[in-house]
Amino acid sequence: MSNILHLKNKLIQLTILDTACEIFGSELHKYKLNPCLREAEIQAFEMEHHIQLPDDYRNFLLEVGNGGAGPGYGLMATEGKNKNFISQTFTLQEAWNDLDLMIKNRSSFIVTPDAYLDKKFVQGTIAIAHYGHGIFALLVILGEQRGNIWIDDRANCGGIYPFTENCGSYLHDNPDDFEPDDCQQPLSFYNWYNDWLNRSLAQVLQS
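The sequence shown: position 113 = 113 (the UniProt record's numbering), numbered continuously.
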């Protein structure tokens, strides 16, 4: 059995156990998956954007589905991605949060266009999940971090940081305290999705 089909079997198990949709976000995706993409469709997407998708994500699209059940409010489909945005290199290597790019105006922060929220900081990625409150999971497509998951939390002044096991305990288990940890390795797409499945199964079995 391929690793990707192993994820699919775990998802089936979670679907059976969580009939009440108690896991965060499952009330929206209801553990349903969009249809898989064909090889020709993936090749067309890669040619259009001048990229090659990481193998584990590519195989997920082929064997499991193009969006649907997953972390946060569910996996996003591949449609509607910006061609020029994806085909540029993601340059971050460690957690980044340059709040000096923001200006303070009386009682609230105002983010200047092309500064803190500039798309250049997340170029070379595709958003694959939304955790709510403007927190997005990004899959790096181009750059040294290719294949890894990063989190864009700039909507909450949290910056951009790699998704590590420490992040998993926060975003997939929701404890009270969290700090990005550069000492841990960022998770690949497979390990990120598997982390969500494992933690979700544990939550359901404990409830």
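Ideal Cβ positions, reconstructed from N, Cα and C, are used throughout, including at glycine. In this text the structure is predicted, and so the values were computed from the model without any measurement.
Residue 168: member of the alpha helix (DSSP H) spanning 165-171, first to last residue. The residues 34, 66, 67, in chain order, have a CB closer than 7 Å to that of residue 77 in the same chain once the five nearest residues on each side in sequence are set aside. With fewer than 16 other beta carbons inside 10 angstroms of its own, residue 28 counts as exposed.
Between the alpha carbons of residue 152 and residue 122 lies a distance of about 8 Å. Secondary structure note for residue 15: its alpha helix (DSSP H) is the uninterrupted segment 3-17. According to the DSSP secondary-structure assignment, residue 130 is paired through a beta bridge with 136.
In this chain, residue 96 is not harboured by any alpha helix (DSSP H), its DSSP state being neither H nor E. Pairing residue 163 with residue 137 gives a Cβ-Cβ distance under 8 Å. Around the beta carbon of residue 154, 16 or more other beta carbons sit within 10 angstroms, so the residue counts as buried.
Residue 192 has its alpha-carbon roughly 10 Å from the corresponding atom of residue 167.
With a threshold of 16 other beta carbon atoms within 10 Å, residue 195 meets it and is buried. Residue range 55-63 is occupied by the alpha helix (DSSP H) that includes residue 55. Residue 60 is not a Cβ neighbour of residue 16, given a cutoff of 8 Å. Restricting attention to 10, 185, 37, 202, the CA atom closest to the CA of residue 58 is found in 37. Nearest in C-alpha terms to residue 95, of all of 207, 160, 173, 206, is 160.
Residue 147 is a Cβ neighbour of residue 189, given a cutoff of 8 Å. Each of 150, 197, 8, 198 was checked against the Cα of residue 93, and the nearest Cα belongs to 150.
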